[in-house]
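Data first, discussion second: the structure below is written as structure tokens.
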Amino acid sequence: MRVAVDGRAFASPAGGVRRYLRELYAALGALAPALEVEAIGAPVEEVLPGTCRARAEWPSPPTNLGRHAVGLPLTLRAGAYDLYHAPAYVAPLWGGVPTVVSVHDISYASRPEWYPYRRDRLRRWFYRQSVARATRLLVPSSFTASEVMRVYGVPSSRLRVVPLAAAPAFLRPEPPPPEMRDPVLLHVGDLHARRDVECAVAVLRGLKGDGATWRLVLIGRDRGCLPGIRAAAIA
1 MRVAVDGRAF
11 ASPAGGVRRY
21 LRELYAALGA
31 LAPALEVEAI
41 GAPVEEVLPG
51 TCRARAEWPS
61 PPTNLGRHAV
71 GLPLTLRAGA
81 YDLYHAPAYV
91 APLWGGVPTV
101 VSVHDISYAS
111 RPEWYPYRRD
121 RLRRWFYRQS
131 VARATRLLVP
141 SSFTASEVMR
151 VYGVPSSRLR
161 VVPLAAAPAF
171 LRPEPPPPEM
181 RDPVLLHVGD
191 LHARRDVECA
201 VAVLRGLKGD
211 GATWRLVLIG
221 RDRGCLPGIR
231 AAAIA
């Protein structure tokens, strides 16, 4: 079986998508070593997991929409693939290859006020088109499945709930260093207003009575929320 996947996502600035894709294809390579996977548009210097190999992509306009309207469909048509995997919301706008689209959440559609971007209407249209074109949709939870059905009117027969698993590195726990003996609440992800990290601060305030010194550790880029989080912590 020959599978194509969006190779640019292996070097995506979105850390969650990048991690998801790398762990998924490393596991697939171990389970199905005969599977042929071509990562379309992957940077030539990128070390790819599992059985993935880089595949050059047809030229296209220098936008994400332009790529999915021109470069990716032409590459797929020339490659005689059995399947294309779109790992993060968006799929080629045309082409005859069965497509699986991973939809991690649809807060951009169900709560558009959280995404006050200038071109957000175009993005939401693009996402809707991708969902409509997909042969199958992979979602990480029953909640996301219900939201996709509610917002997009997708029948359950086109959805597959595939929960995210812990990477092998997390299955070999080591004792924490001495400075981390106190309990920690860990937030992993960029600091967006929609993630309401101030709520975590309020939760920790409620735990003060247990006698432990709780710490809130934030891993991710600040998207303008850190001053407000700090203010909530010292209030």
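With my numbering applied, the sequence shown closes on residue 235, and no number is skipped along the way.
All C-beta atoms in this analysis are idealised placements derived from N, C-alpha and C, irrespective of residue type, glycine included.
Source: prediction; values computed, not measured.
Reduced DSSP category for residue i - H, G, I as helix; E, B as strand; rest coil
i	result
residue 80	coil
residue 102	strand
residue 182	coil
residue 37	strand
residue 47	coil
residue 2	strand
residue 132	helix
residue 65	helix
residue 148	helix
From the options, residue whose alpha carbon lies closest to that of residue i
i	options	result
residue 217	229, 83, 224 and 208	229
residue 144	105, 3 and 15	105
residue 54	67, 62, 66 and 39	39
residue 41	33, 34, 27 and 11	11
residue 99	126, 115, 132 and 111	132
Beta-carbon spacing of residue i, residue j below 8 angstroms
i	j	result
residue 83	residue 17	no
residue 70	residue 51	no
residue 130	residue 161	no
residue 139	residue 87	no
residue 158	residue 136	yes
residue 109	residue 124	yes
residue 225	residue 188	no
residue 191	residue 220	yes
N- and C-terminal bounds of the beta strand (DSSP E) containing residue i
i	result
residue 216	215-219
residue 138	136-139
residue 160	159-161
residue 54	52-55
Boundaries of the alpha helix (DSSP H) in which residue i is found, first to last residue
i	result
residue 23	15-31
residue 205	197-206
- Query: Given 8 angstroms as the limit, is there contact between the region 192-204 and the region 57-69, that is, 3 or more CB pairs closer than that?
  - Reply: no
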